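The structure appears below as structure tokens.
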Ligand code: ARG
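Residue numbers (the numbering used here): 32 to 602.
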């Protein structure tokens, strides 16, 4: 769909071309200059003419006036000069014949596009470290990553979502020692990750008293690396116990992955890349370890192999990137992790570039800030962490309490409470621009008022119940027209959805969609407050308002699903 902004930019391009053949600005560039006026009474879009004054050798107000003349028959609305600005106002006819019609025609694909067609994006997200709890720190990578995947799919990319499990490293030596000394199968089967974490924490406590345990752990890890059957079986089992638990959380979030190839999968692919590093003369020995010196690029050295020759995080990431490029031929590779890993990825991309892999230019790190819960920073390793499953449960239980009170006859209560309870946390998290450090408060997240998930889902459910009521006696009838400013405001808001999708993708920023959802909810709720729908004065108005309601439902539903939210019809 060509949206109002695009169409306006095209018209301006044409008008400038008429004034100055060989127009100095393309529609694409003009689009970036277009602004939303702070006061809507000034218009819906404004084009500042200041930039043109040098090229066109005229004062901005004069350019604005000449452009407005050229645009006298602008079919989508009006174009008026005001000082150095050209102010556009969309016509009510356009809103109905284009925006509403476009939503109705496209349905759930309204807002999508085909810009990604034929291209592949590989997304590395969630990627927890096996045997560790899945805590609130993982919420960011999991929901930002999945939302970016959904957004890219929405505009036509083929997407490969990879959960790059942290399933390799010396910590598995410690885990094995701890299990062999203090663990037993049954307790781990029953206790899952919590029990594995307990054993791991115990290892650290005991190792403080008895440092020899560290050597024992190194030896066990070495045996694992050599393929020792017992240790390999243990490692595999730890992994499956952890995964079973993570999958419960993914299920609650409605998230699936295309691949679970973790770090271990890449270990045997490292030697070939070591050869490339050597061929290119990049590898240096520093105190026994192999490194790539990056001082020329103002970065600390990138560690590749330890003294004993075993691989480290960077080495595995290098091999993994090459494998992914060979396997998926990606046009873009996205990594979503906490901002603490920004240096890791800057080094990784640089080293890949130095190795001669030109495609490293197409790799993007998408960092995000820290989360604290009710003021308490999350501590790892100590076992003192807020588990995501606990937070979800707390939230879902609270929602159930509210539902019991507010809507005791609700039929699908468990399902709805789950959607609202989990959704509240996702929404609250994705409302902030990702790089911001946030403090999470369940009470705020669960409020039915303000910019929250429950408010958004409640508004969606409201559209559903209006449509249900309307279906009973909606006689169809002739199309109506806009009769109230709130109807107009709603359609204008809906018209911005395609733009928001592009903006979210360009900035790797799902919060653009989350905030937009609130704009749609606000516009819809104003419309609902101001305009009787099922009880409208005439059949014509009722039919028209039902159409508006349906369009709002469509856009809200799509937008919510793009940020991993469920959309129950009744809550
Ligand atoms: N497992 C890592 C962690 O929990 C995140 C992995 C990110 N992906 C990557 N390719 N390095 O910190």
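We put the beta carbon where it would ideally sit given N, CA and C, even for glycine. Note that this is a predicted model, so its numbers are computed, not measured.
Whether residue i touches residue j by CB criterion (7 Å)
i           : j           : result
residue 595 : residue 153 : no
residue 83  : residue 94  : yes
residue 554 : residue 521 : yes
residue 192 : residue 289 : yes
residue 250 : residue 234 : no
residue 188 : residue 155 : no
residue 164 : residue 418 : yes
residue 117 : residue 78  : yes
residue 76  : residue 119 : yes
residue 497 : residue 598 : no
residue 585 : residue 134 : yes
residue 453 : residue 283 : yes
residue 539 : residue 402 : no
residue 207 : residue 274 : no
residue 529 : residue 178 : no
residue 502 : residue 548 : no
residue 15  : residue 569 : No answer is possible for residue 15: it lies beyond the span of the chain, which begins at 32 and ends at 602.
residue 348 : residue 374 : no
residue 481 : residue 571 : no
residue 517 : residue 561 : yes
residue 616 : residue 346 : Within the shown structure, residues of the chain are numbered from 32 to 602, placing residue 616 beyond reach of any answer.
residue 313 : residue 385 : yes
residue 376 : residue 366 : yes
residue 565 : residue 500 : yes
residue 476 : residue 459 : yes
residue 204 : residue 252 : yes
residue 102 : residue 110 : yes
residue 382 : residue 323 : yes
residue 115 : residue 80  : yes
residue 427 : residue 448 : yes
residue 96  : residue 113 : no
residue 232 : residue 226 : no
Outcome for residue i when other beta-carbon atoms lying within 10 angstroms are tallied against a minimum of 16
i           : result
residue 328 : exposed
residue 411 : Interpretation of residue 411 is limited by its pLDDT of 41, a score under 50 that renders its predicted location unreliable; no figure is taken from the coordinates.
residue 490 : buried
residue 408 : In this prediction, residue 408 has a pLDDT of 46, which is less than 50 and means its spatial position is unreliable; what the coordinates show is noted afterwards. Counting Cβ neighbours within 10 Å, residue 408 comes out exposed, since fewer than 16 surround it.
residue 86  : exposed
residue 443 : exposed
residue 416 : buried
residue 181 : buried
residue 603 : Residue 603 is absent from the structure shown; the chain starts at 32 and stops at 602.
residue 331 : exposed
residue 69  : exposed
residue 261 : exposed
residue 40  : buried
residue 589 : buried
residue 36  : buried
residue 147 : buried
residue 470 : exposed
residue 573 : buried
residue 287 : exposed
residue 34  : buried
residue 316 : exposed
residue 413 : The predicted position of residue 413 is uncertain, since its pLDDT is 42 and thus under 50; a value taken from the coordinates is nonetheless stated next. Per the 10 Å Cβ criterion, exposed.
residue 537 : exposed
Nearest-angstrom beta carbon gap, residue j and residue i [assumed within contact, 8 Å]
i           : j           : result
residue 326 : residue 335 : Actually they are not in contact, since the Cβ atoms of residue 326 and residue 335 sit about 16 Å apart, beyond 8 Å.
residue 494 : residue 583 : 5 Å
residue 298 : residue 199 : 6 Å
residue 523 : residue 544 : About 18 Å separates the two Cβ atoms, so there is no contact after all.
residue 430 : residue 451 : 5 Å
residue 167 : residue 98  : Not quite, the Cβ-Cβ distance comes to about 52 Å (not below 8 Å), so this is no contact.
residue 399 : residue 370 : 6 Å
residue 224 : residue 276 : 5 Å
residue 293 : residue 142 : Their Cβ separation, rounded to whole angstroms, is 34 Å, which puts residue 293 and residue 142 out of contact at 8 Å.
residue 237 : residue 244 : 6 Å
Residue i: CB within 6 Å of a non-hydrogen atom of ligand 2
i           : result
residue 129 : Absence of ligand 2 from the depicted structure is noted, with ligand 1 being the only ligands included.
Contact with chain C by residue i, beta-carbon distance below 7 Å
i          : result
residue 65 : Protein chain content of the structure displayed is limited to a single chain, and chain C is not contained in it.
Inset, instruction - Quick one: which unbroken alpha helix (DSSP H) runs of 4-plus residues sit fully inside the stretch 268-311? Chain order, please. - result: 294-297, 301-310
Inset, instruction - Starting from the N-terminal side, write out each stretch of the beta strand (DSSP E) that is 3 residues or longer and does not extend beyond the stretch 147-220. - result: 151-155, 189-193
Legend entry - Whole beta strand (DSSP E) elements within the stretch 328-379, 3-residue minimum: 333-336, 363-369
Inset, instruction - Could you pull out every unbroken beta strand (DSSP E) segment of at least 3 residues lying fully inside the stretch 402-456, listed in chain order? - result: 402-404
Legend entry - Length-filtered (4 minimum) alpha helix (DSSP H) runs lying within the stretch 75-129: 83-87, 91-101
Legend entry - Entirely enclosed beta strand (DSSP E) segments - the stretch 447-501, minimum 3 residues: 469-471
Legend entry - alpha helix (DSSP H) runs wholly inside the stretch 545-594, at least 4 long, in chain order: 570-593
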